[in-house]
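Asker: Before we start, here is the structure in question, set down as structure tokens.
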Amino acid sequence: MMAPTIRPGGSMRAILVGEALGSFLLFACVVGSGVMAERLAGGNVAVALIGNVGAIAAMLYVLIAMLGPISGAHFNPAVTIVTRLRGEGTWASGAAMMAVQLLAGIAGVWCAHAMFDLPILQFSGHVRGGAGQWLGEYIATFGLLLTVLLTGRHRPEAVPACVALYITAACWFTSSTSFANPTLTFARSLTDTFDGIALASVPAFVAAQLAGALCAHWVDRAMHPAP
Numbered sequence: 071m072m073a074p075t076i077r078p079g080g081s082m083r084a085i086l087v088g089e090a091l092g093s094f095l096l097f098a099c100v101v102g103s104g105v106m107a108e109r110l111a112g113g114n115v116a117v118a119l120i121g122n123v124g125a126i127a128a129m130l131y132v133l134i135a136m137l138g139p140i141s142g143a144h145f146n147p148a149v150t151i152v153t154r155l156r157g158e159g160t161w162a163s164g165a166a167m168m169a170v171q172l173l174a175g176i177a178g179v180w181c182a183h184a185m186f187d188l189p190i191l192q193f194s195g196h197v198r199g200g201a202g203q204w205l206g207e208y209i210a211t212f213g214l215l216l217t218v219l220l221t222g223r224h225r226p227e228a229v230p231a232c233v234a235l236y237i238t239a240a241c242w243f244t245s246s247t248s249f250a251n252p253t254l255t256f257a258r259s260l261t262d263t264f265d266g267i268a269l270a271s272v273p274a275f276v277a278a279q280l281a282g283a284l285c286a287h288w289v290d291r292a293m294h295p296a297p
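When we follow my numbering, the leftmost residue of the sequence shown carries the number 71, and every step to the right adds one.
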């Protein structure tokens, strides 16, 4: 879930603050809206997913439009890695961004727990696995990165809407409900709520996500060879 709009225009400090703020709000939204949706859905999982996905898409649009010009609005190590492979920034700055995404994202999950009077420290028992779900994560991340790369190249002003719309669709058409973000996947192992994933399920999900992101990078390069 999550992606850049245009190249960041701020200082390194501004970039890190932007990534921290965006990751915090996005991850808090993912977990908090899941809790709210589940409580109000009366046991109807489809209704809960509609509420959860709608809130995530809305938050993505706002965060990308607001923070894209400052940090690039990655909020996702898969996006950060691909931008580095494309020669944007340095690997040192990328590592700093990914560290901030992780720490701020975990803080967002804990804040969601606090808002809903849940135990702050939790571990998910929701096992997610199997070839179908791994393929789902591969497709979800592949499509997300293609949306970011191609829309960002040809219609950068449309990236916030396109990313939000893609995530809305991917949450429904992929078997995994589209985590599409290694940091978010790990952070969701720390919540035993509607959006949780067991820690044992995280490595395979992350591997599928990175494979999908790299494939999107290669496809974009095939269509737009580097000078």
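Ideal Cβ positions, reconstructed from N, Cα and C, are used throughout, including at glycine.
So, helix, strand or coil for PRO252, using DSSP?
Answerer: As a working note, residue 252 is residue 182 in the sequence shown. Of the three classes helix, strand and coil, the one that applies to PRO252 here is helix, per DSSP.
Asker: Kindly confirm or deny that the segment 114 to 124 and the segment 193 to 213 touch, where touching means at least three C-beta pairs closer than 8 Å.
Answerer: No, they do not touch.
Asker: Short of 8 Å in beta carbon distance, which residues of its chain neighbour TYR131, apart from the five on each side in sequence? Order them along the chain.
Answerer: The count along the sequence shown starts at 1 and reaches residue 131 at position 61. PRO230, ALA231, VAL233, ALA234, listed in sequence order.
Asker: Looking at the structure shown, is ASP262 part of a helix, part of a strand, or coil, going by DSSP?
Answerer: Walking along the sequence shown from the start, residue 262 turns up at place 192. Three-state DSSP puts ASP262 in coil, outside helix and strand.
Asker: In this structure, does DSSP put PRO189 in helix, strand or coil?
Answerer: On the sequence shown, position 119 is the one that residue 189 refers to. The answer is coil: DSSP assigns PRO189 none of H, G, I, E or B.
Asker: Round the Cβ separation of LEU214 and ALA239 to the nearest angstrom and send it over; I've been treating them as touching at under 8 Å.
Answerer: As a first step, residue 214 must be located in the sequence shown, where it is residue number 144. As a first step, residue 239 must be located in the sequence shown, where it is residue number 169. With 8 Å as the limit, LEU214 and ALA239 do not qualify as a contact, their Cβ atoms being about 10 Å apart.
Asker: Please name the residue in LEU137, GLY164, TYR236 whose C-alpha comes closest to that of VAL123.
Answerer: The residue you call residue 123 lines up with position 53 of the sequence shown. Nearest C-alpha to VAL123: TYR236.
Asker: When the Cα atoms are used, what is the spatial distance from MET82 to GLU227?
Answerer: For the purposes of this step, residue 82 is identified with residue 12 of the sequence shown, where counting begins at 1. For the purposes of this step, residue 227 is identified with residue 157 of the sequence shown, where counting begins at 1. So the two alpha carbons sit approximately 23 Å from each other.
Asker: Evaluate the contact criterion for the segment 270 to 284 versus the segment 95 to 109: three or more CB pairs, one atom per stretch, below 8 Å.
Answerer: Contact between the segment 270 to 284 and the segment 95 to 109 is absent, because fewer than three Cβ pairs lie under 8 Å.
Asker: Distance check for SER246 and ALA292, CA to CA, integer angstroms please.
Answerer: The residue given as residue 292 occupies position 222 in the sequence shown. The residue given as residue 246 occupies position 176 in the sequence shown. Spanning the two alpha carbons is a distance of roughly 28 Å.
Asker: Leaving aside the five residues before and after LEU137 along the sequence, list all residues of the same chain whose C-beta is less than 6 Å from its C-beta, in chain order.
Answerer: Translated into positions along the sequence shown, residue 137 becomes position 67. Cβ neighbours of LEU137 beyond the five flanking positions: GLY88, GLY92, ALA143.
Asker: What residue range is occupied by the uninterrupted alpha helix (DSSP H) comprising GLU227?
Answerer: Walking along the sequence shown from the start, residue 227 turns up at place 157. GLU227 -> no alpha helix (DSSP H), and no H or E assigned at all.
Asker: What would DSSP say about ASN122, mapped onto helix, strand or coil?
Answerer: Counted from its first residue, the sequence shown places residue 122 at position 52. Of the three classes helix, strand and coil, the one that applies to ASN122 here is helix, per DSSP.
Asker: Mapping the DSSP letters down to three states, classify SER176 as helix, strand or coil.
Answerer: The residue labelled residue 176 in the question sits at position 106 within the sequence shown. Looking at the sequence shown, residue 176 is not Ser but Ile. In the structure shown, ILE176 sits in a helix (DSSP, three-state: H, G or I).
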